[in-house]
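Novice: Sending over a structure as structure tokens; questions will come in a sec.
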Amino acid sequence: MQLHWGKEYLFSVVPDHIQSRLKEAVVDPHYDADEPFPHVNGETVTETAWLEGWVECGGILAFLPLFEKKLVSITHDEHGLVTASFSDGTQDTGNLLLGCDGSRSIVRNFLVGEELGKPTDIDLTMINHATGGYTAEQAVSLRKYHPIGKIAYHPDFYGNFLLTALDCSNREKPEEWKFQIQHCWWGPPYLDDLKDPKTRLEFYKTRCSKMCEPFRTAGIALPEDEILPIDQSQQWAPIEWNNHRGTVTLAGDSAHSMLPHRGQGLNNAMRDVAELFDAIKQVISGLVTLETAITSYETAMRPRGVRDVELSLESAKKMHLSDLMDSPFVKMGFTKQDTWKENRDES
Numbered sequence: 001m002q003l004h005w006g007k008e009y010l011f012s013v014v015p016d017h018i019q020s021r022l023k024e025a026v027v028d029p030h031y032d033a034d035e036p037f038p039h040v041n042g043e044t045v046t047e048t049a050w051l052e053g054w055v056e057c058g059g060i061l062a063f064l065p066l067f068e069k070k071l072v073s074i075t076h077d078e079h080g081l082v083t084a085s086f087s088d089g090t091q092d093t094g095n096l097l098l099g100c101d102g103s104r105s106i107v108r109n110f111l112v113g114e115e116l117g118k119p120t121d122i123d124l125t126m127i128n129h130a131t132g133g134y135t136a137e138q139a140v141s142l143r144k145y146h147p148i149g150k151i152a153y154h155p156d157f158y159g160n161f162l163l164t165a166l167d168c169s170n171r172e173k174p175e176e177w178k179f180q181i182q183h184c185w186w187g188p189p190y191l192d193d194l195k196d197p198k199t200r201l202e203f204y205k206t207r208c209s210k211m212c213e214p215f216r217t218a219g220i221a222l223p224e225d226e227i228l229p230i231d232q233s234q235q236w237a238p239i240e241w242n243n244h245r246g247t248v249t250l251a252g253d254s255a256h257s258m259l260p261h262r263g264q265g266l267n268n269a270m271r272d273v274a275e276l277f278d279a280i281k282q283v284i285s286g287l288v289t290l291e292t293a294i295t296s297y298e299t300a301m302r303p304r305g306v307r308d309v310e311l312s313l314e315s316a317k318k319m320h321l322s323d324l325m326d327s328p329f330v331k332m333g334f335t336k337q338d339t340w341k342e343n344r345d346e347s
């Protein structure tokens with residue numbers, strides 16, 4: 001999870017005493033530098049590009065959820081209130097139901113129907129895994145080039161390798177550090193070809209064996225019983241929907257599920273939250289109706305979501321070393337799209 005331009009939106013909705021504790025949630029509270037994000041040739045270790053804009057990596061601020069709640073229906077009464085009914089027989093009623101239930105959102109299906117709400121499959125397969133268990137020496141080596149994260153591209157693979165720190169808070173015990181290892185690629189082998197966990201691990205280790213360090217060690221040092229998750233990539237761009245007089249809407253991945261190749265998902269979600277927060281404050285102040293406020297939020301959010309879904313897909317398609325410099329990721333980095341456009345216009 002990369003929190004960069006979204007930090008200002010996060011801080012606009014949390015009190016000062018929470019803002020001052022953000023360091024407790026980042027992957028390495030001892031890291032204070034603001035270094036560019038390295039992209040390297042995974043075969044030769046040549047530095048291909050450096051991306052500005054890294055602010056915080058892995059900062060997570062969570063609400064206390066109610067677990068084992070499965071939404072089964074959404075209804076409205078004659079007073080305009082909305083009720084969420086769950087599979088355990090419980091219900092919750094309120095003025096606004098905000099769907100933040102992920103890329104396969106049930107709330108989204110309620111708003112647009114199952115067919116239109118279905119994410120689009122992308123011919124991009126991804127292994128994405130959180131792991132630890134490295135020796136102290138190995139763990140230290142995994143933070144080479146950049147202590148938080150780096151991406152590598154190999155000329156023989158149409159895809160990339162991501163290696164990031166997940167929890168390096170105990171600087172005295174590197175053997176306790178946790179990392180995220182990710183590999184995504186276009187074309188074969190596909191999800192069905194790698195259903196067997198042992199086959200999947202062997203495939204990943206073989207690919208990592210052809211990479212430079214530290215990507216090589218990150219893969220081949222995994223134990224033989226490690227189970228790597230694998231997924232078919234998907235995306236969904238926001239369309240028009242009936243918000244039922246402002247009582248049901250979407251935010252985050254429910255509203256705009258994008259590929260992770262420009263690190264925009266979390267930051268867009270933070271902007272959604274901040275803009276919804278401002279909209280609700282206007283309703284409470286009596287300045288606008290709930291319907292007007294939520295519709296205004298959606299009108300501003302949709303084009304932003306559509307554009308970042310498109311840019312993320314375009315970045316994912318340009319993972320050949322020969323195409324990399326034309327990628328929106330290299331051209332724009334993590335920058336918010338409207339800020340990048342303003343800077344280009346000024347220049």
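Residue 347, in UniProt numbering, is where the sequence shown stops; the numbers in between run on with no holes.
Ideal Cβ positions, reconstructed from N, Cα and C, are used throughout, including at glycine.
#1: To which residues of the same chain is Gly-132 closer than 6 Å at the C-beta, ignoring the five residues directly before and after it?
#2: Do Val-107 and Phe-277 come within 8 Å of each other at the CB atom, strictly closer than that value?
#3: Could you tell me the alpha carbon to alpha carbon distance between Glu-213 and Ile-127, rounded to whole angstroms?
#4: For the beta strand (DSSP E) that Lys-150 lies in, which residues bound it at each end?
#5: Taking Lys-195 as part of the alpha helix (DSSP H), name the residues at either end of that continuous run.
#6: Please name the residue or residues paired with Thr-120 in a DSSP beta bridge.
#7: Report yes if the C-beta distance between Leu-228 and Tyr-190 is below 8 Å; otherwise report no.
#8: Which residue wins for smallest C-alpha separation from Leu-162, given the options Lys-144, Cys-184, Glu-176, Glu-114?
#9: If you draw a straight line from the C-alpha of Tyr-134 to the C-alpha of Ile-122, how long is it?
#10: Is Glu-298 near the ligand ADP, going by C-beta to nearest heavy atom under 7 Å?
#11: Take Leu-201 and list the residues in its own chain whose beta-carbon comes closer than 8 Å to its own, dropping the five residues that flank it on each side.
#12: By how many angstroms is the C-alpha of Ala-255 removed from the C-alpha of Ala-237?
#13: List the endpoints of the continuous alpha helix (DSSP H) containing Ser-73.
#14: Where does the unbroken alpha helix (DSSP H) through Asp-16 begin, and where does it stop?
#15: What's the gap between the Cα of Thr-217 and the Cα of Glu-43?
#16: Identify which residue in Phe-37, Ala-33, Ser-20, Asn-170 has its Cα closest to the Cα of Gly-263.
#17: For Phe-67, write down the residues that DSSP places opposite it in a beta bridge.
#18: Considering only residues of the region 226-307, which uninterrupted alpha helix (DSSP H) runs meet the minimum length of 4 residues and lie entirely inside it, listed in chain order?
#19: Is it buried or exposed for Trp-5, if we count other Cβ within 10 angstroms and need 16 for buried?
#20: Under a three-way DSSP split, which group does Pro-38 fall into?
#21: How would you label Thr-299, buried or exposed, when you count the other beta carbons within 10 angstroms and need 16 or more for buried?
#22: Per DSSP, Cys-184 forms a beta bridge with which residues?
#23: Tell me where the beta strand (DSSP E) around Val-82 begins and ends.
#24: Would you mind giving the Cβ-Cβ distance between Ala-152 and Val-40, rounded to the nearest angstrom? I have them listed as a contact below 8 Å.
#25: Helix, strand or coil: how does DSSP classify Ala-316 here?
#26: Quick check: the Cα distance between Ser-257 and Val-140, rounded to an integer number of angstroms?
#27: Express the C-alpha separation of Ile-284 and Cys-168 in angstroms, rounding to a whole number.
#28: How far does the alpha helix (DSSP H) with Leu-98 in it reach, from first residue to last?
#29: Nearest CA to the CA of His-244: which residue from Ile-294, Ser-315, Gly-159?
#30: Out of Ile-18, Ser-296, Ala-165, state which residue places its alpha-carbon closest to the alpha-carbon of Gln-138.
#31: Can you look up Ala-49 in the DSSP assignment and give me helix, strand or coil?
Specialist: Concretely, from the data shown:
#1: Cβ neighbours of Gly-132 beyond the five flanking positions: Lys-178.
#2: No. Outside cutoff.
#3: Per the coordinates, the alpha-carbon of Glu-213 lies some 19 Å from the alpha-carbon of Ile-127.
#4: Note, Lys-150: beta strand (DSSP E), 149-153.
#5: Counted as a single uninterrupted DSSP element, the stretch harbouring Lys-195 is not any alpha helix (DSSP H), since DSSP gives it neither H nor E.
#6: DSSP output for Thr-120 lists Gln-235 as bridge partner(s).
#7: With contacts defined by Cβ atoms closer than 8 Å, Leu-228 and Tyr-190 do not form a contacting pair.
#8: Shortest Cα-Cα distance from Leu-162 to any of Lys-144, Cys-184, Glu-176, Glu-114 involves Cys-184.
#9: Rounded to the nearest angstrom, the two C-alpha atoms are 33 Å apart.
#10: Questions concerning the ligand ADP fall outside what the structure shown contains, since it holds no ligand whatsoever.
#11: Cβ neighbours of Leu-201 beyond the five flanking positions: Leu-222, Glu-224, Glu-226, Ile-227, Leu-228.
#12: Answer to the nearest angstrom: the Cα atoms are 7 Å apart.
#13: Per DSSP, Ser-73 belongs to no alpha helix (DSSP H); it is in the beta strand (DSSP E), 71-76.
#14: Asp-16 -> alpha helix (DSSP H) spans 16-19.
#15: Their backbone Cα atoms lie some 14 Å apart in a straight line.
#16: Comparing alpha carbon positions, the residue from Phe-37, Ala-33, Ser-20, Asn-170 closest to Gly-263 is Phe-37.
#17: Looking at the DSSP assignment, Phe-67 forms no beta bridge with any residue, so it has no partner.
#18: Residue ranges of uninterrupted alpha helix (DSSP H) with 4 or more members, entirely inside the region 226-307 and ordered along the chain, are 265-284.
#19: Buried, by the Cβ-count rule.
#20: It is a strand residue.
#21: Taking a 10 Å sphere around the C-beta of Thr-299, we find fewer than 16 other C-beta atoms and assign the residue as exposed.
#22: Partner(s): Met-126, Asn-160.
#23: Membership of Val-82 in the beta strand (DSSP E) is indicated by the continuous run 82-86.
#24: At roughly 5 Å, the Cβ-Cβ gap stays under 8 Å, so Ala-152 and Val-40 are in contact.
#25: In this structure, Ala-316 counts as helix in the three-state DSSP scheme.
#26: Looking at the two C-alpha atoms, the distance is approximately 34 Å.
#27: Taking the straight line joining both Cα atoms gives about 42 Å.
#28: Note, Leu-98: premise wrong, no alpha helix (DSSP H); beta strand (DSSP E) at 97-99.
#29: When only C-alpha atoms are compared, the closest one is Ile-294.
#30: It is Ala-165 whose Cα lies nearest to the Cα of Gln-138.
#31: Only weak support exists for where Ala-49 lies, its pLDDT of 44 falling under 50; the coordinates are left without a value.
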